[in-house]
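Asker: If you number the sequence shown the way this note's numbering does, the last residue is 292 and the count never jumps. All residues carry an ideal CB built from backbone N, CA and C; glycine is no exception. Quick caveat: nothing in here was measured; it's all calculated off a predicted structure. Provided herewith is a single structure, encoded as structure tokens, for subsequent inquiry.
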Amino acid sequence: MRRPLIAGNWKMNTNVAEATNLAQVMLAELDEISGVEKVLCPPFVSLASIKGLIKGMSIELGAQNMYFEDKGAYTGEISPLMLIGLCDLVILGHSERRQYFAETDEIINKKVKKALEFGLKPILCVGESLEDNEAGRTGEIITQQIRAALTGVNSTSQLVIAYEPIWAIGTGRAATGKQANATIGLIRNTVASLWDIETAQAIRILYGGSVTGSNIAEFIAEPEIDGALVGGASLKADDFLRIVSQTAAIKST
Ligand code: PGA
40 MRRPLIAGNW KMNTNVAEAT NLAQVMLAEL DEISGVEKVL CPPFVSLASI
90 KGLIKGMSIE LGAQNMYFED KGAYTGEISP LMLIGLCDLV ILGHSERRQY
140 FAETDEIINK KVKKALEFGL KPILCVGESL EDNEAGRTGE IITQQIRAAL
190 TGVNSTSQLV IAYEPIWAIG TGRAATGKQA NATIGLIRNT VASLWDIETA
240 QAIRILYGGS VTGSNIAEFI AEPEIDGALV GGASLKADDF LRIVSQTAAI
290 KST
């Protein structure tokens with residue numbers, strides 16, 4: 040049985056005061072929900088403050104990005120050495136990083152290796168554009184992204200993958216549960232062919248893209264979908280709590 044995981048990606052929103060406020064509003068209730076791995080991914084500058092707030096709670100922190108070198112003259116970058124001790128997970132290869140910061144599959148592959156080397160669990164994001172989706176190329180694109188990101192990476196159940204169709208991110212136009220389930224099944228098969236069936240069955244694969252408290256049930260009800268990477272709705276305490284509690288309820292049945 041895979042433990043469901045819900046991660047909230049706050050993206051470039053909230054200053055330190057706002058982030059700690061947002062966390063404070065939901066932490067107590069979030070901590071009470073069992074059976075789901077709960078992860079908050081605030082901006083880098085708020086990780087330390089929120090780490091203080093979640094002490095002793097069943098809540099984890101994730102970073103939204105990371106560089107692939109340990110240290111050195113890389114002005115403005117954050118290394119895995121700076122993240123260890125501060126967070127447990129790191130989002131890598133988000134489509135916004137690919138699109139606005141020119142991250143290639145090769146860069147993402149280096150980042151995945153580095154995160155694992157330092158014991159940070161990668162949340163590796165993959166997803167196809169609307170154009171590729173409409174051209175029926177989803178499977179091809181996703182398979183290629185997974186193969187490239189995992190080149191030379193040893194089999195590990197620590198890896199988390201998020202399938203996030205680009206056309207569904209921040210658009211209010213989520214995929215259907217069935218569509219997401221089919222693509223996630225394909226991702227699992229790709230991992231099985233690269234690594235082994237046991238590991239492919241053990242890793243968590245999430246759906247992301249316009250997930251809310253109103254549609255989470257449709258995704259979570261699907262057998263291949265192990266949780267969600269939530270953007271916009273993770274900035275609303277009520278909505279995020281609804282997503283996590285519904286996940287707990289549905290996956291426990
Ligand atoms: P969204 O973002 O939930 O706002 O669509 C998801 C993501 O980018 O991880």
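(1) Considering only heavy atoms of the ligand PGA, does any lie closer than 7 Å to the CB of V269?
(2) For V4, is the classification buried or exposed, using 16 other Cβ atoms within 10 angstroms of its Cβ as the cut-off for buried?
(3) Three or more beta-carbon pairs under 8 Å between the stretch 198-207 and the stretch 239-248, yes or no?
(4) Got a sec: does the ligand PGA put a non-hydrogen atom nearer than 7 Å to the Cβ of G74?
(5) Just to confirm my understanding: we take E1, look at its own chain, exclude 5 residues before and 5 after, and list those with CB closer than 6 Å. What are they?
(6) Indicate whether G248 and A213 have their beta-carbon atoms separated by less than 8 Å.
(7) Report the residue ranges of all beta strand (DSSP E) runs contained in full by the stretch 164-214; include only those spanning at least 3 residues, in chain order.
(8) Once you ignore the five residues that flank E116 on each side, which residues in its own chain have a CB closer than 8 Å to its CB?
(9) Let me make sure I understand the geometry here. Which of A188, V78, E57 and N54 has the alpha-carbon closest to that of A46?
(10) What number of angstroms, rounded off, separates the C-alpha of D265 from the C-alpha of I255?
(11) Assuming D127 and G101 make a contact with CB atoms under 8 Å, what is their CB distance in whole Å?
(12) Considering only residues of the stretch 251-288, which uninterrupted beta strand (DSSP E) runs meet the minimum length of 3 residues and lie entirely inside it, listed in chain order?
(13) Below 8 Å on the Cβ atoms is my contact criterion, and I expect T182 with T229 to pass it. Report the Cβ-Cβ distance as a whole number of Å.
(14) Please check the pair L61 and L280, which I expect to be a contact at CB under 8 Å, by giving their CB distance rounded to whole angstroms.
Answerer: Straight from the coordinates:
(1) Stepping through the sequence shown from its first residue, residue 269 is reached at position 230. Yes, the ligand PGA has a heavy atom inside 7 Å of this Cβ.
(2) Missing from the structure shown is residue 4; the chain here goes from 40 to 292 and no further.
(3) yes
(4) In the sequence shown, residue 74 corresponds to position 35, counting from 1. Incorrect: G74 has no Cβ contact closer than 7 Å to the ligand PGA.
(5) Residue 1 is absent from the structure shown; the chain starts at 40 and stops at 292.
(6) Position 209 of the sequence shown holds residue 248. Position 174 of the sequence shown holds residue 213. Contact: yes.
(7) 199-202
(8) Translated into positions along the sequence shown, residue 116 becomes position 77. Excluding sequence neighbours, E116 sits near Y106 and E108.
(9) Your numbering for residue 46 matches position 7 in the sequence shown. Per the Cα distances, V78.
(10) Indexing the sequence shown from 1 puts residue 265 at position 226. Indexing the sequence shown from 1 puts residue 255 at position 216. Computed Cα separation, rounded: 11 Å.
(11) Translated into the one-based positions of the sequence shown, residue 127 becomes position 88. Translated into the one-based positions of the sequence shown, residue 101 becomes position 62. Between G101 and D127 the Cβ distance is about 7 Å, and since that is below 8 Å, they are a contact.
(12) 266-269
(13) Translated into the one-based positions of the sequence shown, residue 182 becomes position 143. Translated into the one-based positions of the sequence shown, residue 229 becomes position 190. Right, their Cβ atoms sit about 5 Å apart.
(14) Mapped onto the sequence shown, residue 61 falls at position 22. Mapped onto the sequence shown, residue 280 falls at position 241. Actually they are not in contact, since the Cβ atoms of L61 and L280 sit about 12 Å apart, beyond 8 Å.
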